[in-house]
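I have placed the structure first, in the form of structure tokens, so that the comments after it can refer back to it.
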Amino acid sequence: MPTPAPALRRVAHWFGVDDDWERPRPAVGAQDLAWAVAVEAIGLLGLELVRSVDGFDHTTSPVWTQWLAVSTGAVLLLGRRRWPLLVASLAAVHMFVVGIEMPQVMGQMSLQVVYFVALLSGVAWARDRRLMLVVVGTIVLFMFAWLGWQFALGSAVQEFLDDEELSERVGLFPPVLAAVGITLLINALYFGGAIVGGGVSWRAARQRARLEEQALTIAAQAGRLRDQAVVDERLRIARELHDVVAHHVSAMGVQAGAARRVLDRDADAARTALANVEEASRQAVSQMRGLLGTLRAGEQADAEPRTTDPGLADLEGLVEHQAEHGLQVRLEVVEDPDGAAGDVPRAVALTLYRTVQEALTNVRRHSTATSASVVVRVDATGPAPYAEAEVVDSGRPRRGTSGSGLGLLGIRERVATHRGEVEVGPRVTGGYRVRVRLPLVADPGGAT
């Protein structure tokens, strides 16, 4: 059996005595006014209904004082959240004064509701939890002392017996003992219910406040993670485009050297080499424009070594890798003219590969689908040449596996470097689709 000291500590902890959180107390508003008016209207109506059946036969106070008692009790509810301990104390004084002068009026349901709500609000809304225990404990001790005083004089017991017309024992307990017991039980439930209810309300409010604080913290952390993901993805793009541009610059150097050596002997070969230099330089400048237009100033790539970047030819290996993890993927490459997929610039091919990779990973992790289709389209003959990748599945979102969205954000970031288009979302017929389209012609009006 626990000792009294730990038991008291647990009670104090439950009421939040050592808790630093303070419940915000709203100003008196329309809600409080509506409650007070409703309680007063119902209280006055009930008062007159009881009077009409001669329910106040032992009350000699004037009618206006009875109305005043009910009205002042209702007014107390106006400040029950703003000044909870003051209202609880005034309600106790109100109960005592009206109970002494007009006990039958004090026993009306409307005033009993007022006293109950006032005590409950004192526990629920008090910010100083130690002071709350002192005030509420004093009120409860005073009320039970008042009951004991009435029992000592015998008036309370006699009034109860007279009202019930009891004089002889008719049950398990003697009438006097039963009258004392039922009075104590009713008051214990009344005051205990108000105190426990107030404590539950306070703890629920504290829990909601903590959940809101945690939600704000999580949202802030998610924002920071999203920003960091953008930075990381853009740095990764920068490294990959650096490799692509470096490839073109190296090719330009080789072609320029070849042109210099054959310039005097074979003018046609030199002309072809210089044309290759021109084309490589244009592609490099176009890719650098996309890079500079997307990346933030001041972001620099680190010195991490890079390997050969994957392209459209590596999609077969990616499909086989997904099959090893239980996802069957059908790959289809549509190209016009034949062999156009092999001529897609490395940066564009890399973006298409990463898009397919991320989309298939999302299908495997977050969808119920066991299969997916990948279609790569390359059209180099139309007025607006383009390369496109589309990943489609027929599954449904898997419960409890919602991602952070950073992968799709990375896709959008990559496509933005090429002035491309992105379509991501569920299909009307079911499943999910990710489609990106990238132009194969550099945008002459791009950012520099």
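Position 70, counted from 1, in the sequence shown is what this note's numbering calls 791; the numbers after and before it change by one each time, with no gaps. Heads up, the beta-carbon is just placed ideally off N, CA and C, and yes, glycines get one too.
Residue j beta carbon less than 7 Å from that of residue i
| i | j | result |
| --- | --- | --- |
| Ala1108 | Leu1039 | no |
| Ser1094 | Val1077 | no |
| Leu798 | Trp846 | no |
| Asp1100 | Asp1057 | yes |
| Arg850 | Val921 | no |
| Gly687 | Val791 | Shown here, the chain extends from 722 to 1169; a query on residue 687 therefore has no answer. |
| Gly820 | Met830 | no |
| Ala980 | Ala991 | yes |
| Arg803 | Val749 | yes |
| Thr780 | Met816 | no |
| Glu954 | Gly1131 | yes |
| Phe777 | Gln825 | yes |
| Gly1047 | Glu1079 | no |
| Gln1043 | Leu1081 | yes |
Simplified DSSP assignment, three categories, for residue i
| i | result |
| --- | --- |
| Arg1051 | strand |
| Asp948 | helix |
| Ser782 | coil |
| Glu743 | coil |
| Met722 | Residue placement at Met722 is poorly supported in this model, since its pLDDT is 46, which falls under 50; the coordinates still yield a value, given next. The answer is coil: DSSP assigns Met722 none of H, G, I, E or B. |
| Arg772 | helix |
| Arg1017 | In this prediction, Arg1017 has a pLDDT of 43, which is less than 50 and means its spatial position is unreliable; what the coordinates show is noted afterwards. Reduced to three states, the DSSP call for Arg1017 is coil. |
| Gly1115 | Before going further, note that residue 1115 is Ser rather than Gly in the sequence given. Coil. |
| Arg1140 | coil |
| Val1084 | helix |
| Val844 | helix |
| Ala748 | coil |
| Gly1146 | strand |
| Leu984 | coil |
| Val1095 | strand |
| Leu995 | helix |
| Ala1108 | strand |
| Leu1161 | coil |
Close Cβ partners of residue i (< 6 Å) along its chain, the five nearest in sequence each way excluded
| i | result |
| --- | --- |
| Ala1090 | Val1084, Asp1114, Ser1115, Gly1116 |
| Val998 | Met973, Gln976, Ala977 |
| Ala809 | Ala839, Leu840, Gly843 |
| Pro1147 | Tyr1153 |
| Glu1111 | Val1096, Arg1156 |
| Gln1049 | Ser1092 |
| Phe912 | Val861 |
| Leu984 | Ala991 |
| Arg1017 | Confidence in Arg1017 is poor, its pLDDT being 43 and thus under 50, which makes the residue's placement unreliable; the coordinate value appears in the next sentence. Closer than 6 Å at Cβ, skipping near neighbours: no residue. |
Candidates the options, of which the one nearest residue i by Cα
| i | options | result |
| --- | --- | --- |
| Arg1140 | Val1149, Gly1152, Thr1150, Leu1159 | Leu1159 |
| Gly869 | Asp739, Ser1088, Val1055, Thr904 | Thr904 |
| Gly1063 | Pro1031, Arg924, Val970 | Pro1031 |
| Ala926 | Gly1152, Gly800, Glu743 | Glu743 |
| Arg1098 | Val1055, Thr1082, Asp985, Val901 | Val1055 |
| Ala1034 | Arg1067, His1046, Glu1045 | Arg1067 |
| Glu1142 | Thr1072, Gly1103, Thr1102, Glu1079 | Thr1072 |
| Glu1053 | Arg957, Val952, Ala940, Glu1037 | Glu1037 |
| Gly794 | Tyr836, Thr859, Val966 | Tyr836 |
| Leu770 | Ser782, Trp788, Val1069 | Trp788 |
| Pro745 | Trp923, Asp753, Leu910 | Trp923 |
| Gly800 | Val814, Ile907, Pro747 | Pro747 |
| Ser782 | Leu754, Val818, Ala813 | Val818 |
| Asn694 | Val784, Trp867, Ala1061 | Lying before the first or after the last residue shown, residue 694 is absent from the chain, which here runs from 722 to 1169. |
| Gly902 | Glu1000, Phe865, Glu934 | Phe865 |
Near the ligand MN: residue i beta-carbon under 6 Å from a heavy atom
| i | result |
| --- | --- |
| Gly828 | Inclusion of the ligand MN in the displayed structure is not the case, the ligand content being empty and no account of it being possible. |
Close-in-space but distant-in-sequence residues of the same chain around residue i (CB under 7 Å, 5 per side omitted)
| i | result |
| --- | --- |
| Met722 | The predicted position of Met722 is uncertain, since its pLDDT is 46 and thus under 50; no value can be drawn from it. |
| Pro1118 | His1087, Ser1088 |
| Thr1029 | Low local confidence applies: a pLDDT of 49 at Thr1029 is under 50, so the model's placement there is unreliable, with the coordinate-based value given in what follows. For Thr1029, where only same-chain residues beyond five positions count, there are no Cβ hits under 7 Å. |
| Arg1075 | Arg1135 |
| Val760 | Ala795, Leu798, Ser831, Val834, Val835 |
| Arg811 | Checking the sequence, you will find Leu at residue 811 rather than Arg. So the list reads Leu797, once near-sequence residues are dropped. |
Residue-chain proximity (residue i, chain D), Cβ-Cβ < 7 Å
| i | result |
| --- | --- |
| Thr780 | Of the protein chains in the structure, only one exists, and it is not chain D. |
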